[in-house]
Amino acid sequence: MNQAQILKALEDHPDALGVIPSYRAVRPHLDVQIYDCLESTNHHLWQLLDQGATAGTVVIARRQWAGRGQWGRRWQSPEGGLYLSLLLEVEVPVQEQGMLTLASAWGLATALVKVGLPIQIKWPNDLVVMGRKLGGILTEIRRENHQIRYAVIGVGLNWANPVPDSGITLKTLLEQTGGAGLETLESLAALTLRGCFAGPAVLAGSGLG
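The opening position of the sequence shown corresponds to residue 0 in numbering that gives the first Met the number 0, with each subsequent residue numbered one higher.
Printed below as a string of structure tokens:
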């Protein structure tokens, strides 16, 4: 995983989603940090916020040893997958936290569909292909009064890692569909970031609900 290649991939096709590319405003402040192994990218990003990190900070791990999914379920995170968390500063009512997760899933699914992959969203936070799990999103928040102030959007996607029969990897899916534009894990990370910026921006701008 290479930081410079991720940033370059973000610049290659900035308007590919056809939705608000809000990462343009944050782009100068992007701070992509890559680690070999972490307990959890979400957990580490909250620690960085406490140390002064700002919106646009991204944490990526090659492996996680205590990754979490929805409802606190353990997320298997062997090497070969994408494990990424993005810090956003948002102004969304606390009661719309669920919509923030859905918006992030929508943004990421839209990005993947744009490169020819038949992705569907399984409520509330899974990405699936013909019933097989491709990945998931975990959104965590910090609030001020009745507003969400910060959100960490955590994404786990199967790229070339071992998966159970109920799962599928993007490598396998690309071989089956002939999808283009995702040759490397870095290009997947860039596409994931675009989706995670775009979905919440649409929610804040027009509302998905």
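Glycine included, C-beta positions come from ideal geometry on N, C-alpha and C.
Please read these numbers as outputs of a predicted model, since none were measured by experiment.
Nearest-angstrom Cα separation, counted from residue j out to residue i
i: Asn160; j: Arg141; result: 32 Å
i: Ser21; j: Phe196; result: In this predicted model, Ser21 has a pLDDT of only 48, less than 50, meaning its place in the structure is not dependable; the value taken from the coordinates is given anyway. Cα to Cα, Ser21 sits roughly 6 Å from Phe196.
i: Arg131; j: Asn124; result: 14 Å
i: Gly249; j: Thr176; result: Because the chain in this structure spans residues 0 to 208, residue 249 falls outside the shown range and cannot be described.
i: Tyr149; j: Leu116; result: 31 Å
i: Glu139; j: Leu48; result: 13 Å
i: Met0; j: Leu137; result: 22 Å
i: Thr168; j: Thr109; result: 18 Å
i: Lys7; j: Ser186; result: 9 Å
i: Gln32; j: Gln2; result: 8 Å
i: Lys121; j: Leu181; result: 23 Å
Given residue i as reference, the closest of the options once Cα atoms are compared
i: Gln146; options: Thr100, Arg131, Glu95, Gln119; result: Glu95
i: Asn144; options: Pro92, Thr40, Gln46; result: Pro92
i: Val112; options: Gly97, Val128, Thr100; result: Val128
i: Trp45; options: Leu126, Ile118, Val151, Leu184; result: Val151
i: Ile229; options: Tyr82, Leu156, Ala200; result: Residue 229 is absent from the structure shown; the chain starts at 0 and stops at 208.
i: Leu9; options: Ala200, Thr183, Val201, Leu202; result: Thr183
i: His42; options: Trp122, Gly51, Ala65, Ile5; result: Ala65
i: Asp30; options: Pro77, Ala189, Val114; result: Ala189
i: Leu87; options: Val162, Thr171, Leu126, Ala52; result: Ala52
i: Pro163; options: Thr100, Ser186, Leu133; result: Leu133
i: Gly194; options: Leu172, Lys170, Thr100; result: Thr100
i: Ser84; options: Val201, Thr191, Ala200; result: Thr191
i: Ser165; options: Val201, Leu181, Leu126, Gly153; result: Leu126
i: Leu173; options: Val114, Leu202, Val201; result: Val114
7 Å Cβ shell around residue i - same chain, five flanking residues per side excluded
i: Gly80; result: Gly155, Leu156, Asn157, Trp158, Asn160
Beta-carbon proximity list for residue i, same chain, < 6 Å, skipping 5 on both sides
i: Gly198; result: Ala102, Ser103, Trp105, Gly106
Proximity test, Cβ basis, 8 Å: residue i and chain B
i: Gly177; result: Chain labels in this structure do not include chain B; a single protein chain is all it has.
Fill in: In chain order, each beta strand (DSSP E) run of at least 3 residues that lies wholly inside the region 111-144
119-121, 125-128, 131-143
Fill in: Three-pair Cβ contact test at 8 Å for the region 54-61 versus the region 35-45
yes
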